[in-house]
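J.:
Protein chains in written order, with the numbering used here: chain A, 1 to 490; chain B, 1001 to 1490.
(1) Determine the burial state of residue 1342 (chain B): buried for a count of at least 16 other Cβ atoms within 10 Å of its Cβ, exposed for fewer.
(2) Which bits of chain A does residue 1093 (chain B) rub up against, with CB to CB less than 7 Å?
(3) Using a Cβ-Cβ cut-off of 7 Å (strictly less than) and excluding sequence neighbours within five positions of residue 1042 (chain B), which residues of its own chain qualify?
(4) Counting only beta-carbon separations shorter than 8 Å, does residue 70 (chain A) have a partner in chain B?
(5) If you measure from the beta carbon of residue 1213 (chain B) to each beta carbon in chain A, is any gap under 8 Å?
(6) For a cutoff of 8 Å on Cβ pairs, would you count residue 1065 (chain B) as touching chain A?
(7) Which whole-angstrom value describes the C-beta separation of residue 492 (chain A) and residue 95 (chain A), a residue pair presumed to lie in contact below a C-beta threshold of 8 Å?
(8) In chain order, what residues of the same chain lie with their CB nearer than 6 Å to the CB of residue 1216 (chain B), ignoring the 5 residues before and after it?
(9) Whole angstroms is fine: what's the gap from residue 4 (chain A)'s alpha carbon to residue 353 (chain A)'s?
(10) Would you tell me roughly how many angstroms separate the C-alpha atoms of residue 1374 (chain B) and residue 1362 (chain B), rounded to the nearest one?
(11) Which chain B residues sit within Cβ distance under 9 Å of residue 104 (chain A)?
(12) The beta strand (DSSP E) that contains residue 1384 (chain B), what's its start and end?
(13) Answer yes or no: do residue 429 (chain A) and residue 398 (chain A) have a C-beta to C-beta separation smaller than 8 Å?
(14) State the start and end residues of the unbroken alpha helix (DSSP H) segment that holds residue 1430 (chain B).
(15) Helix, strand or coil: which one does DSSP assign to residue 34 (chain A)?
(16) Say whether chain B places a C-beta atom closer than 8 Å to the C-beta of residue 270 (chain A).
(17) Need the endpoints of the beta strand (DSSP E) that residue 80 (chain A) sits in, please.
(18) Within its chain, find whatever has a CB closer than 6 Å to the CB of residue 1462 (chain B); leave out the 5 residues flanking it on each side and keep chain order.
(19) Which runs of the beta strand (DSSP E) fall wholly inside the segment 1335-1376 of chain B and span at least 3 residues, in chain order?
(20) Can you have a look at residue 1157 (chain B) and say buried or exposed, based on whether 16 or more other CB atoms are within 10 angstroms of its CB?
(21) Residues of chain B with CB closer than 8 Å to the CB of residue 415 (chain A), please, in chain order.
(22) So which of A:467, A:51 and A:336 has the shortest CA-CA distance to residue 199 (chain A)?
(23) Are at least three pairs of beta-carbons, each pair with one atom in the segment 1267-1280 of chain B and one in the segment 1158-1169 of chain B, less than 8 Å apart?
(24) If we cut at 8 Å on Cβ distances, does residue 1028 (chain B) have a partner in chain A?
(25) Quick check on DSSP: helix, strand or coil for residue 474 (chain A)?
(26) Could you give the C-beta distance for residue 145 (chain A) and residue 174 (chain A), rounded to a whole number, given that I count them as a contact under 8 Å?
(27) Do residue 197 (chain A) and residue 234 (chain A) have their C-beta atoms within less than 8 Å of each other?
(28) Where does residue 1015 (chain B) fall in DSSP's three states?
(29) Given that residue 139 (chain A) touches chain B, what residues does it touch there, using C-beta distances under 7 Å?
(30) For a contact defined as C-beta to C-beta under 8 Å, what are the partners of residue 1042 (chain B) on chain A?
(31) Mind pulling the chain B residues with CB within less than 7 Å of residue 45 (chain A)?
(32) Just verifying my parser: in three-state terms, what is the DSSP assignment at residue 1176 (chain B)?
(33) Quick one: is residue 20 (chain A) buried, meaning 16 or more other Cβ sit within 10 Å of its Cβ, or exposed?
(34) Looking at the unbroken beta strand (DSSP E) that takes in residue 1284 (chain B), where does it start and where does it end?
(35) Determine the DSSP secondary structure at residue 169 (chain A), reduced to helix, strand or coil.
(36) How far does the beta strand (DSSP E) with residue 1207 (chain B) in it extend, from its first residue to its last?
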């Protein structure tokens, strides 16, 4: 297996190679659409299971809405149409016919739709058009629905997981009687995302709100979690939107209040996508390949047999299967790689590439000594453990790896978060170090735009935990009351 | 809650009303596309979980392929294009623009795709175009991949769950070195579907193979399971296709054999869809609403409190919560309906409509007597059970209900499966009783077509367990070696 390009030589190429070599995904022949391969998909399944449980534990249920949205729906919410209805897949016909030359098929011009259908880029419009019929009174509220689905946005420049024309995601869409309740929901779901990012993905995040110009099209407030990648660029890992009454007004959704009035309903929406797999890769992996947090690893432990004779193989296999069973009984996913078509060294490199957290190697010498070689993927450290202690040590290690990669990412984030007070300093930090830059901003979109134009850095968020601090905007010198988070971003 | 139309008065209307009143699904404003509501979706989640486990236990893994398929792919397999590329959703453009009047949006004529994209009606073509790059040698085989996805077929007449333009399904696509292995896989997956239908859905099925004219477009053999609905019509509940080397040849997928040769790969595909929910409804439900097998019921037990005073409510709730906890600890899904906005009678009717298998009612009198009223949904039988015995009785009942509805459906199927030997008898049985009709057929598509035209009955399958029996075709009198299964079908 050819080695990866090193991160320091070409980070972007390192990423692209890793995604393919670790067997996570590949580009399909359909422009911008990816194939998520079984190993990559099994990481997504782990993410889905953890998130789905968190959604259900907070009272949400799943449902499914049509993949097609009539074109006119997008025009109903004024800012939404600007954000979403432009770069999209448009269905105009519903039939093909045999081509005139008798070969192949062509669009049947007689089968033109009266109104074009858009393949959903996000589902607020079709869902609020449906909620209209579900909501009459305060007794029907709240509605706490989530959807797991595919969505399509016609991106011009695509990268596996990070930006693809089609991607998989979940989108929560909730309806509430009061503004307060809707804001509480928006914040609760941001908390769920931050919890998932930190405790499952082992990726520390900053929680914040977007500036007006970075808001979701149709939202009054967009909350987000922002993560830092190893190249010093930020990645938005999840968003939770407070939609106010915008969609309720656009689709005429009112409810009878307890007091006998009639009010528009309050809304939220929130989502994360297969983009998280890109974040996971870029946050932890190294020049040997993927590094996975045990909580999201499809395989926790791989056992590689070392042998020359068939007899040795039999003896080693017996021991390996005992360990495999013991670990499986404790709920871990264990693979015993007994392929005779590949050498141990090849297998070691393969599982390093695939980020399997713990590797056990057992040879005839280990049988004699009653030991097993235990290697951890995150630090690459190896140790000899007695057979009796293997099970306990593996359990301990998996826990340790989950913590260690989180701490490592946290230290990286902390040492790459810098406060600056002048524009020159700001530009220097962005050029030399990247990372999160905390700086004062005068609160205007004009300043935000000019900084973006001149430095390519955007305001990732106004952090929720920021301390009030009087200061001056790095660009205009106008007064500011708190620092915001700037970074170049994916 | 208004009552359902009775099955004997109008079966079709009964079904349509039930789907809506039990809160399973509804028609969306997008022609032919349904909204699967939370309660209906939770049945689908139960089905998915059980099937996914069965797929994984038989060595399969999940992956995800693009929703769009280039138009030309369909023409590569001659019979496939006839079956699938005709009634489909065609994406022709990738951008909208603000309309000239400044209101709304319209298709941007400059953003026309070079080649149209079809929203997948099934994924053989895109998947085999991908497998081409995954398969070089016998070491790469078998590939055992499944996909959970949405698909679109532009049906003209749609019915919730049974036939919708968009539906949810799983599609397995496997690649094998030998014909024998591929046939074994096709048969194995048919077995998985039959097992699921009978042991989870409690729906007995006939396993068989389709006649040539009913085969999947591109298959050499289509295996199927056929179920019988209460109105005497058959419903195809799952199919497993032996595709031979058709798709490997169409997409040029060859592998190097162990012996150094180069051969085309052998293929299967198999799928079930949200149509199964339609089958589940029609197999068991009654004039009061849904009847669900406990293994697929989102809520196993509902507890309804009976009370007048607030004090009674408190005392009853305490007891209810004890029972709820005890049953939840055993892994059951329990709902305690403590809404004070609805009367017990309303709640009873609601959970009957929703098919919750077991209902417990507890009032002040029960507290005095140390009893609980236990009602089972399938037979509507009620009994008083002492508080100490409730837990054990519920566990027993859930098991009993699962068995009972299967036995009932099995008896129905058996008493509605009739052997006939003349065409007159055949027509009379179809007219008066419906059901499965076992009859001799001369094996020609012409006869099959004429029977279909004259009676609306189709050959559901050539049953796998049929006994050899010399006979004469009911239409032509030509010789036949076994009976086939005819029925009118959904």
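Each residue gets a CB set at the ideal place from its N, CA and C atoms; glycine is no exception.
T.: On the basis of the coordinates in this document:
(1) On the second chain, residue 1342 (chain B) is found 342 positions in, with the first residue counted as 1. Exposed, by the Cβ-count rule.
(2) Locating residue 1093 (chain B) in the second chain gives position 93, where the first residue counts as 1. Residues of chain A passing the Cβ test: 90 and 92.
(3) Counting from one through the second chain, the residue named residue 1042 (chain B) turns up at place 42. Contacts found: 1298.
(4) Working through the first chain from its first residue, we reach residue 70 (chain A) at position 70. Taking a beta-carbon distance threshold of 8 Å, residue 70 (chain A) counts as an interface residue toward chain B.
(5) Residue 1213 (chain B) sits at position 213 when you count from the first residue of the second chain. Interface flag for residue 1213 (chain B) against chain A is unset, since no Cβ pair is found closer than 8 Å.
(6) In the second chain, counting from the first residue as 1, residue 1065 (chain B) sits at position 65. Cβ-Cβ to chain A under 8 Å: yes for residue 1065 (chain B).
(7) With chain A represented from 1 up to 490, any question about residue 492 (chain A) goes unanswered, as that position is not in the structure.
(8) Reading the second chain from its first residue, position 216 is the one you call residue 1216 (chain B). A distance below 6 Å between beta-carbons, with the five flanking residues on each side excluded, links residue 1216 (chain B) to the following residues of its chain, in chain order: 1222 and 1241.
(9) For the purposes of this step, residue 4 (chain A) is taken as residue 4 along the first chain, with counting starting at 1. For the purposes of this step, residue 353 (chain A) is taken as residue 353 along the first chain, with counting starting at 1. Rounded to whole angstroms, residue 4 (chain A) to residue 353 (chain A) spans 9 Å at the Cα level.
(10) Position 374 of the second chain, counting from 1, holds the residue named residue 1374 (chain B). Position 362 of the second chain, counting from 1, holds the residue named residue 1362 (chain B). A straight-line Cα-Cα distance of about 9 Å links residue 1374 (chain B) and residue 1362 (chain B).
(11) Counted from its first residue, the first chain places residue 104 (chain A) at position 104. Under the 9 Å cutoff, chain B gives 1071, 1072, 1074, 1075 and 1081.
(12) Position 384 of the second chain, counted from the first residue, corresponds to residue 1384 (chain B). That run of the beta strand (DSSP E) goes 1382-1386.
(13) Here residue 429 (chain A) refers to the residue found at position 429 of the first chain. Here residue 398 (chain A) refers to the residue found at position 398 of the first chain. Their beta carbons are not under 8 Å apart, which means residue 429 (chain A) does not touch residue 398 (chain A) by this criterion.
(14) Residue numbering aside, residue 1430 (chain B) sits at position 430 when the second chain is read from its first letter. DSSP places residue 1430 (chain B) inside the alpha helix (DSSP H), whose first and last residues are 1423-1432.
(15) On the first chain, residue 34 (chain A) is found 34 positions in, with the first residue counted as 1. DSSP places residue 34 (chain A) in strand when its eight states are reduced to three.
(16) Position 270 of the first chain, counting from 1, holds the residue named residue 270 (chain A). For residue 270 (chain A), the answer is no, since every Cβ of chain B falls outside 8 Å of its Cβ.
(17) In the first chain, counting from the first residue as 1, residue 80 (chain A) sits at position 80. Annotation: residue 80 (chain A) is outside any beta strand (DSSP E); the continuous alpha helix (DSSP H) that includes it extends over 78-84.
(18) By one-based count along the second chain, residue 1462 (chain B) stands at place 462. Apart from sequence neighbours up to five positions away, the residues of its chain that approach residue 1462 (chain B) with a beta-carbon distance below 6 Å are 1208, 1209 and 1484, ordered along the chain.
(19) Here the runs fully enclosed are 1358-1362 and 1371-1376.
(20) If you number the second chain from 1, residue 1157 (chain B) lands on position 157. Classification of residue 1157 (chain B): exposed, given that the 10 Å Cβ count is below 16.
(21) Locating residue 415 (chain A) in the first chain gives position 415, counting from the first residue. At a C-beta separation below 8 Å, residue 415 (chain A) has no neighbours in chain B, since its nearest C-beta there lies roughly 37 Å away.
(22) Taking the first chain and counting its residues from 1, one reaches residue 199 (chain A) at position 199. If we check each option's Cα against that of residue 199 (chain A), A:51 comes out closest.
(23) Taking 8 Å as the limit for Cβ pairs, the verdict is that the segment 1158-1169 of chain B does touch the segment 1267-1280 of chain B.
(24) Within the second chain, residue 1028 (chain B) is the residue found at index 28, counting from 1. The Cβ of residue 1028 (chain B) sits closer than 8 Å to at least one Cβ of chain A.
(25) Stepping through the first chain from its first residue, residue 474 (chain A) is reached at position 474. In the structure shown, residue 474 (chain A) sits in coil (DSSP, three-state: anything other than H, G, I, E or B).
(26) As a working note, residue 145 (chain A) is residue 145 in the first chain. As a working note, residue 174 (chain A) is residue 174 in the first chain. Cβ atoms of residue 145 (chain A) and residue 174 (chain A) come within 8 Å of each other, at about 7 Å.
(27) Reading the first chain from its first residue, position 197 is the one you call residue 197 (chain A). Reading the first chain from its first residue, position 234 is the one you call residue 234 (chain A). For residue 197 (chain A) and residue 234 (chain A), no; Cβs fall outside 8 Å.
(28) Your numbering for residue 1015 (chain B) matches position 15 in the second chain. Residue 1015 (chain B): helix per DSSP, three-state reduction.
(29) Taking the first chain and counting its residues from 1, the one referred to as residue 139 (chain A) is at position 139. Within 7 Å Cβ-Cβ: 1341.
(30) The count along the second chain starts at 1 and reaches residue 1042 (chain B) at position 42. Simply 61 and 62.
(31) Taking the first chain and counting its residues from 1, one reaches residue 45 (chain A) at position 45. Ordered by position in chain B, the residues that pass the 7 Å Cβ test against residue 45 (chain A) are 1062.
(32) Reading the second chain from its first residue, position 176 is the one you call residue 1176 (chain B). Three-state DSSP puts residue 1176 (chain B) in a strand.
(33) Numbered from 1 along the first chain, position 20 holds the residue referred to as residue 20 (chain A). When all chains shown are included, residue 20 (chain A) counts as exposed.
(34) Walking along the second chain from the start, residue 1284 (chain B) turns up at place 284. For residue 1284 (chain B), there is no enclosing beta strand (DSSP E); the enclosing alpha helix (DSSP H) covers residues 1275-1284.
(35) Sequence index remark: in the first chain, residue 169 (chain A) carries index 169 (1-based). It is a strand residue.
(36) Here residue 1207 (chain B) refers to the residue found at position 207 when the second chain is read from its first residue. Looking at the DSSP string, the run of the beta strand (DSSP E) that includes residue 1207 (chain B) is 1205-1209.
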